[in-house]
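In my numbering, the protein residues as written are 13 to 156.
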């Protein structure tokens, strides 16, 4: 069975993502501290990819922000991610390539590129074949 978030944890992370969009620097500082604390938990990255790719009813800026935070985590800590977390992120990225939102598609593309640049292209053997196969999709969003 695929990873599923704890509902209360998911709600807290969504609230934190929304607060991070506040213009108040004090709130932003508090959010940054909480994000640093959450980075101590490997599952935090699962929550971020879940918000980005699965919560299609959530507003786009919040979903995209989850993806950008995840991208930064990948850039800084990817080699320390547990294998199951890395695999879940890669799997969800490929599923979200054709998201209805152009902003989310772009964020997913950035995330895929960051993972590949961190050297995981060798172990992500289905990336290029899957992307090539997706080019045959009749869904314009997927091909874009």
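Each residue gets a CB set at the ideal place from its N, CA and C atoms; glycine is no exception.
Nearest neighbour of residue 101, chosen from 140, 141, 47 and 54 [CA to CA]:
Nearest C-alpha to residue 101: 54.
Going by other Cβ atoms of all chains shown within 10 Å of its Cβ, with 16 needed for buried, is residue 104 buried or exposed? It counts as buried.
Query raised in the report: Looking at the structure shown, is residue 93 part of a helix, part of a strand, or coil, going by DSSP?
Result: It is coil, neither helix nor strand.
| message | Here's the rule: buried if 16 or more other CB atoms are within 10 angstroms of the residue's CB, otherwise exposed. What is residue 19? | response | Within a 10 Å sphere around the beta-carbon of residue 19 sit fewer than 16 other beta-carbons, which makes this residue exposed.
inquiry  = Let me check understanding here. Comparing Cα to Cα, which of 24, 68 and 15 lies closest to residue 43?
reply    = Considering only alpha carbons, the answer is 24.
**Q.** Three-way DSSP call (helix, strand, coil) for residue 68 in this model
**A.** Here residue 68 sits in coil by DSSP.
message = Quick check on DSSP: helix, strand or coil for residue 86?
response = Shown here, residue 86 sits in a helix according to DSSP, grouped into three states.
**Prompt:** From this set, 85, 86 and 61, which residue's C-alpha is nearest residue 74's C-alpha?
**Reply:** When only C-alpha atoms are compared, the closest one is 61.
(message) Check for me: the alpha helix (DSSP H) holding residue 121 runs from which residue to which?
(response) 114-127 is the span of the alpha helix (DSSP H), which, as asked, contains residue 121.
Does DSSP classify residue 23 as helix, strand or coil? The three-state reading of DSSP puts residue 23 in helix, counting H, G and I together.
(Q) Going by C-alpha to C-alpha distance, which of 116, 137, 128 and 88 sits closest to residue 66? (A) Selected option, being the one with the closest Cα: 116.
- Does DSSP put residue 53 in a helix, a strand or coil? Assignment of residue 53 by DSSP, reduced to helix, strand and coil, places it in the coil class.
Status (buried if at least 16 other CB within 10 Å, exposed otherwise) for residue 78: Residue 78 comes out buried.
Residue from 33, 69 and 112 whose Cα sits closest to the Cα of residue 152
Of the listed residues, the one whose Cα sits closest to residue 152 is 112.
- Own chain partners of residue 120 with C-beta closer than 8 Å, once the 5 adjacent residues on each side are dropped: Residues of the same chain with a CB within less than 8 Å of the CB of residue 120, apart from the 5 flanking positions on each side, are 64, 65, 79, 105, 108, 109 and 111 in chain order.
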